[in-house]
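In the numbering used here, the protein residues as written are 47 to 408.
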């Protein structure tokens, strides 16, 4: 039986020198190195969507090495002068640049013809909690929240969105084929950042509160309260996005009330809502496929240790190595939300479909 590993390499739209396709090929090298039986298995197929070059390449295994050949070059390569404005935003236009939906459709075809054969679907590049960023597109107003077509994808959009795997958006048969494509042990990995000042700041405020520091780490209970105080700018930018936490009401509140107390349970529910409503959370919930991604409030960086041709990405938790660290944020999630890390110890988190379903409504 064939084994497919689907790798999507986004574009370094910040004008950086990093070639995401190189990172994706390193991922393939890592997987081949760590799965000895694959090294001589002709059924192993790596499929690489190279957004920058506008092509799909196929990697096949021969005597422990991967040979890459062109499968499809029917897309347009990225051209900065054509595709980006001065703010590095992808232009609003109908282009032939690779979209995340092209990868979905490829997987749907596998699900229709060779079900149970996708072992990994990895999306490598930039990101935020709302989804992987392949080229830095922005939805047109009618496709955004509260827009006339809010539940649908903008056909000009290239990046991943939380709504992508809603059955009403993907369509029932393609949605079913997408799910059926994955092996029972198959998973999705979103490698980019999930940076969000909202979640990072709340955790930091809790950690620095006198009430938190009065107890030993990990000994706090749901009824413990913490006094939190936020700047006016933070309130203006963030309070509206979770009024149940910041206002304790879904319909009323004022950003003038920037100092208040919340219980640990309220903090946990705030973070859980954040986890559920990420791209990874919705992907896991809608498809029942295990998904790995960065926790809200954390970022990702290029791996600096290990063998060079197998370096991929990590969530930095060592200041001495990366110059910054998300260790406090990751530790808080693990201790008080019981999040589970990825099996490769890169400090990404598992978005388990059963757990996400249990969290819905929090």
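Heads up, the beta-carbon is just placed ideally off N, CA and C, and yes, glycines get one too.
By the three-class DSSP mapping on this structure, what secondary structure does residue i have?
i           : result
residue 157 : helix
residue 234 : strand
residue 180 : coil
residue 329 : helix
residue 47  : coil
residue 359 : strand
residue 390 : coil
residue 311 : helix
residue 150 : helix
residue 132 : coil
residue 405 : helix
residue 395 : strand
residue 380 : helix
residue 267 : coil
residue 373 : helix
residue 213 : helix
residue 69  : helix
residue 247 : helix
residue 114 : strand
residue 276 : coil
residue 305 : strand
residue 196 : coil
residue 340 : coil
residue 353 : coil
residue 106 : strand
residue 143 : coil
residue 366 : helix
Can you list, in chain order, the residues of its chain with a C-beta nearer than 8 Å to that of residue i? Leave out the 5 residues immediately preceding and following it.
i           : result
residue 273 : 255, 256, 257, 305, 306, 307
residue 128 : 137
residue 345 : 239, 240, 241, 361, 362, 372
residue 224 : 150, 153, 154, 157, 211, 216, 333
residue 267 : 310
For residue i, which residues of its own chain have a beta-carbon under 6 Å away from its beta-carbon, when the five flanking residues on both sides are left out?
i           : result
residue 92  : 51, 74, 105
residue 179 : 172, 173, 205
residue 193 : 187
residue 392 : 360
residue 320 : 245, 342
Does the Cβ of residue i have 16 or more other Cβ atoms within 10 Å, making it buried, or fewer, making it exposed?
i           : result
residue 328 : buried
residue 394 : buried
residue 188 : exposed
residue 195 : exposed
residue 218 : exposed
residue 260 : exposed
residue 157 : buried
residue 60  : exposed
residue 278 : exposed
residue 98  : buried
residue 381 : exposed
residue 234 : buried
residue 384 : exposed
residue 275 : exposed
residue 286 : exposed
residue 370 : exposed
residue 389 : exposed
residue 284 : buried
residue 139 : exposed
residue 351 : exposed
residue 269 : exposed
residue 63  : exposed
residue 349 : buried
residue 168 : buried
Would you list the residues sitting across from residue i in a DSSP beta bridge?
i           : result
residue 101 : 96
residue 55  : 96, 170
residue 348 : 359
residue 228 : 164
residue 83  : Looking at the DSSP assignment, residue 83 forms no beta bridge with any residue, so it has no partner.
residue 90  : 49
Compare the C-beta of residue i with all C-beta atoms of chain D and state if any pair is closer than 8 Å.
i           : result
residue 146 : No chain D is part of this structure, which consists of one protein chain only.
Excluding the 5 residues flanking residue i on each side, which residues of the same chain have their C-beta closer than 7 Å to its C-beta?
i           : result
residue 117 : 102, 103, 104
residue 85  : 78, 107, 110
residue 318 : 383, 405, 408
residue 122 : 100, 141, 142, 143
residue 312 : 291
residue 365 : 371
For the ligand SAM, is there any heavy atom lying closer than 7 Å to the beta carbon of residue i?
i           : result
residue 144 : Only the bare structure without any ligand can be found here, which leaves the ligand SAM out of the picture.
Worksheet item: Between the stretch 289 to 303 and the stretch 229 to 247, do three or more beta carbon pairs fall short of 8 Å?
Response: no
Fill in: Sufficient close CB pairs (3 or more, under 8 Å) joining the stretch 154 to 174 to the stretch 101 to 116
no
Item to complete: Report yes or no: do three or more beta-carbon pairs, one from the stretch 396 to 405 and one from the stretch 333 to 345, lie closer than 8 Å?
Response: yes
Discussion item. Check whether the stretch 204 to 211 and the stretch 128 to 146 touch, using three or more Cβ-Cβ pairs below 8 Å as the test.
Written reply: The stretch 204 to 211, when compared against the stretch 128 to 146, does touch it at the 8 Å Cβ threshold.
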